[in-house]
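Residue numbers (my numbering): 133 to 628.
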């Protein structure tokens, strides 16, 4: 997908200044996405292999723990990494103060999980979670003390170093998990996977950054950075709670096995989103933050938005259309319960992807308070719906999550993003155009299934994928803007 992003960011008929900005964004996108898709391949391989070595209960136990203790990542960051990336000027003293603050919060949070662990085990009524919580909590110390090194590499556009640290960390974690699972470690193999990734990638980031903090200084102006970070932090906390309430509620009500099925379906949807949308923030935020003209901000944001949608909505459409075949091929036998959840979760993932551009624009324009307000109603609806419908099972919880995400998109599209000064109409038209294409692929596949074309396994995946390409491709080729984007991909591939 990196050629797609790069080609959409660069257009031959634009002015020199615009080409210079977009070419830099395209190079950053190419490097970042190459690394992220390599990491995605490793994570997908991990998903395939470990699903055959471990049980749904093993995955459920880890999901129970990480759904709660993962808040330490948000607490340890405190929105300060985004504050450092977004700042136009950042002194050595300011950066050092942010480093020590991140490290202190990460350490305190990790230590806090020692007394919290028995309470968490009691909440889930599973004593195995006590040691598991303490072990996983230790990785947040590393995360806290490496946050500003990652921000430093991002500010200096050292995207190759960032990509390599993630890929090598993921490779080490994958090898550790597979060997541990093969040796019979059970759910501890998944715990080791997370710890090894945090340590290896963190050590590499610190080594390659070569930035070293100085002593904390009270003389440095920190108010603006802390204010930006605090506003972003509130949004991140609400986002985290709403994104993990499903795992907490399902684990407490139905236990580790049911949560394990839900978690694997959720991972199939979230992995591609995490590996493309989240890392693109490293590129989009510095790029958009330097733009002061609303028209130019709209133009660049629309380009990145189009690239993101083509990549991720295509994947989510395929997952929703071929849920049984994907589950059978990727997870193997014994995971059919996850297939029923996949289409619902994919719809929620699609609305999340459609909303990502608003998140970037709010951060780039330093409208973090508006970001919080824009997402709050949808997050509250999401959490309330999960609580109300928990007794109806995982499918109802997934539906509540998708409904809340759809509301976030609607509020951003029609009420709040225009208050940043950009014109939302090009974004909405781009969304409608790409949704119509990938939606046509989905409808053609489902139509074939409805009228008797029922094929399982690898063969079904190949046949239905061909049907999807026919449906999506025919609509895309009929759209002038889509043709130009796809032609750009061909040109870029020929140059390589």
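C-beta: ideal position from N, C-alpha, C; glycine also. Since we're looking at a predicted model, the values are computed, not measured.
Tell me which same chain residues have a C-beta within less than 8 Å of the C-beta of residue 347, skipping the five on either side of it? Counted from its first residue, the chain shown places residue 347 at position 215. Cβ within range, chain order: 228.
Q: Tell whether a beta-carbon distance below 8 Å holds between residue 410 and residue 391.
A: Here the question's residue 410 lines up with position 278 in the chain shown. Here the question's residue 391 lines up with position 259 in the chain shown. Taking 8 Å as the Cβ cut-off, residue 410 and residue 391 do not qualify as a contacting pair.
*What residue ranges within the region 242 to 288 form continuous alpha helix (DSSP H) runs of no fewer than 4 residues, ordered along the chain?*
261 to 269, 271 to 287
Exercise for review: To the nearest angstrom, report how far apart residue 323 and residue 173 are at their CA atoms.
Suggested key: Your numbering for residue 323 matches position 191 in the chain shown. Your numbering for residue 173 matches position 41 in the chain shown. Going by the C-alpha atoms only, they are around 20 Å apart.
Next item on the list: Could you tell me whether any non-hydrogen atom of the ligand ATP is closer than 7 Å to the CB of residue 478?
Entry: Annotation note on the ligand ATP: not contained in the displayed structure, which lists no ligands.
When you compare each of 191, 404, 231, 559 to residue 542 by their alpha carbons, which one comes out closest? Translated into positions along the chain shown, residue 542 becomes position 410. Nearest option by C-alpha distance: 559.
Quick check: what's the CA-CA separation for residue 457 versus residue 236?
In the chain shown, residue 457 corresponds to position 325, counting from 1. In the chain shown, residue 236 corresponds to position 104, counting from 1. Using only the alpha carbons, I get a separation of about 47 Å.
- Query: Does the region 432 to 448 touch the region 586 to 594, meaning 3 or more C-beta pairs lie closer than 8 Å?
  - Reply: no
message: Tell me which residue opens and which closes the alpha helix (DSSP H) that residue 404 is part of.
response: For the purposes of this step, residue 404 is taken as residue 272 along the chain shown, with counting starting at 1. Residues 388 to 421.
With distance defined between alpha-carbon atoms, name the residue in 255, 260, 266, 590 nearest to residue 240.
Here the question's residue 240 lines up with position 108 in the chain shown. Among 255, 260, 266, 590, the Cα nearest to that of residue 240 is on 266.
inquiry  = Let's test the definition: count the other Cβ atoms within 10 Å of the Cβ of residue 599 and tell me whether it reaches 16, buried, or not, exposed.
reply    = Here residue 599 refers to the residue found at position 467 of the chain shown. Buried.
*residue 577 - containing alpha helix (DSSP H), residue span*: As a position in the chain shown, residue 577 is number 445, starting the count at 1. First-last of the alpha helix (DSSP H) with residue 577: 556 to 582.
CA-CA distance, residue 468 and residue 532? As a position in the chain shown, residue 468 is number 336, starting the count at 1. As a position in the chain shown, residue 532 is number 400, starting the count at 1. Using only the alpha carbons, I get a separation of about 22 Å.
| request: In angstroms with no decimal places, state the Cα-to-Cα distance between residue 314 and residue 181. | output: Numbered from 1 along the chain shown, position 182 holds the residue referred to as residue 314. Numbered from 1 along the chain shown, position 49 holds the residue referred to as residue 181. Distance between the alpha carbons of residue 314 and residue 181: 10 Å.
Check: Can you give the Cα-Cα distance for residue 544 and residue 376, rounded to whole angstroms?
Finding: As a first step, residue 544 is located in the chain shown; it is residue number 412 there, counting from the start. As a first step, residue 376 is located in the chain shown; it is residue number 244 there, counting from the start. Rounded to whole angstroms, residue 544 to residue 376 spans 22 Å at the Cα level.
Check: residue 482 by DSSP, collapsed to three states: which one?
Finding: As a working mapping, residue 482 is identified with position 350 in the chain shown. Three-state DSSP puts residue 482 in a helix.
Burial state of residue 257 (16 or more Cβ within 10 Å) = Here residue 257 refers to the residue found at position 125 when the chain shown is read from its first residue. By the 10 Å Cβ count, residue 257 comes out exposed.
Checklist entry - Straight-line CA distance for residue 608 to residue 232? => result As a position in the chain shown, residue 608 is number 476, starting the count at 1. As a position in the chain shown, residue 232 is number 100, starting the count at 1. If I take the Cα positions, the gap works out to 50 Å.
_As an exercise, report each continuous alpha helix (DSSP H) stretch of at least 4 residues that is fully enclosed by the region 449 to 522, in chain order._
455 to 463, 468 to 496, 500 to 521
Report task. Please report how far the alpha carbon of residue 156 lies from the alpha carbon of residue 413, in whole angstroms. Result -> Translated into positions along the chain shown, residue 156 becomes position 24. Translated into positions along the chain shown, residue 413 becomes position 281. Any reading at residue 156 is ruled out, since the residue's pLDDT is 49, under 50, leaving its predicted position unreliable.
Leaving aside the five residues before and after residue 521 along the sequence, list all residues of the same chain whose C-beta is less than 6 Å from its C-beta, in chain order. Here residue 521 corresponds to residue number 389 of the chain shown, with the count starting at 1. Around residue 521: 528, 532.
Worksheet entry | Candidates 317, 574, 366: closest to residue 602 by CA position | As a first step, residue 602 must be located in the chain shown, where it is residue number 470. For the residues 317, 574, 366, the minimum Cα distance to residue 602 belongs to 574.
Within 8 Å, strictly: CB atoms of residue 661 and residue 476: This structure cannot speak to residue 661, because the chain is shown only from 133 to 628.
For residue 600, does the three-state DSSP call read helix, strand or coil? By one-based count along the chain shown, residue 600 stands at place 468. Looking at residue 600 - three-state DSSP - the assignment turns out to be helix.
Taking C-beta to C-beta, are residue 286 and residue 337 nearer than 8 Å? Taking the first residue of the chain shown as 1, we reach residue 286 at position 154. Taking the first residue of the chain shown as 1, we reach residue 337 at position 205. No, they are not a contact pair.
Measuring only the C-alpha atoms, how far is residue 154 from residue 196?
The sequence position of residue 154 within the chain shown is 22, counting from 1. The sequence position of residue 196 within the chain shown is 64, counting from 1. With a pLDDT of only 47 at residue 154, under 50, the local geometry of the prediction cannot be trusted, and the value read off the model is given with reservation. Approximately 42 Å, taken between the alpha carbons.
Item to check | Selection from 455, 298, 508 that minimises the alpha carbon distance to residue 581 | outcome: Here residue 581 refers to the residue found at position 449 of the chain shown. Taking only the C-alpha atoms, the option nearest residue 581 is 455.
Check: Looking at C-alpha atoms only, which residue of 242, 280, 564, 371 is the closest neighbour of residue 504?
Finding: The sequence position of residue 504 within the chain shown is 372, counting from 1. When each option's Cα is compared against that of residue 504, the closest is 371.
**OP:** Verify whether the separation of the beta carbon atoms of residue 566 and residue 441 is less than 8 Å.
**Re:** Taking the first residue of the chain shown as position 1, residue 566 is located at position 434. Taking the first residue of the chain shown as position 1, residue 441 is located at position 309. Yes.
- Query: Do the CB positions of residue 507 and residue 540 come within less than 8 Å of each other?
  - Reply: On the chain shown, residue 507 is found 375 positions in, with the first residue counted as 1. On the chain shown, residue 540 is found 408 positions in, with the first residue counted as 1. Yes, the Cβ-Cβ distance between residue 507 and residue 540 is below 8 Å.
Legend entry - Same chain, Cβ closer than 8 Å to residue 179, neighbours up to 5 away in sequence not counted: Counted from its first residue, the chain shown places residue 179 at position 47. If we look at residue 179 and ignore the five residues flanking it on each side, its Cβ neighbours are 396, 399, 400, 403, 462, 463.
Residue 498 versus residue 439 - alpha carbon distance = Within the chain shown, numbered from 1, the residue matching residue 498 stands at position 366. Within the chain shown, numbered from 1, the residue matching residue 439 stands at position 307. Straight-line Cα distance between these residues: approximately 23 Å.
- Query: Quick one: is residue 640 buried, meaning 16 or more other Cβ sit within 10 Å of its Cβ, or exposed?
  - Reply: Nothing about residue 640 can be reported from this structure: the residues present for the chain run from 133 to 628 only.
* Report the rounded CA-to-CA distance for residue 619 versus residue 186, giving the unit in angstroms. => Along the chain shown, read from residue 1 onward, the residue named residue 619 stands at position 487. Along the chain shown, read from residue 1 onward, the residue named residue 186 stands at position 54. Rounded to the nearest angstrom, the two C-alpha atoms are 44 Å apart.
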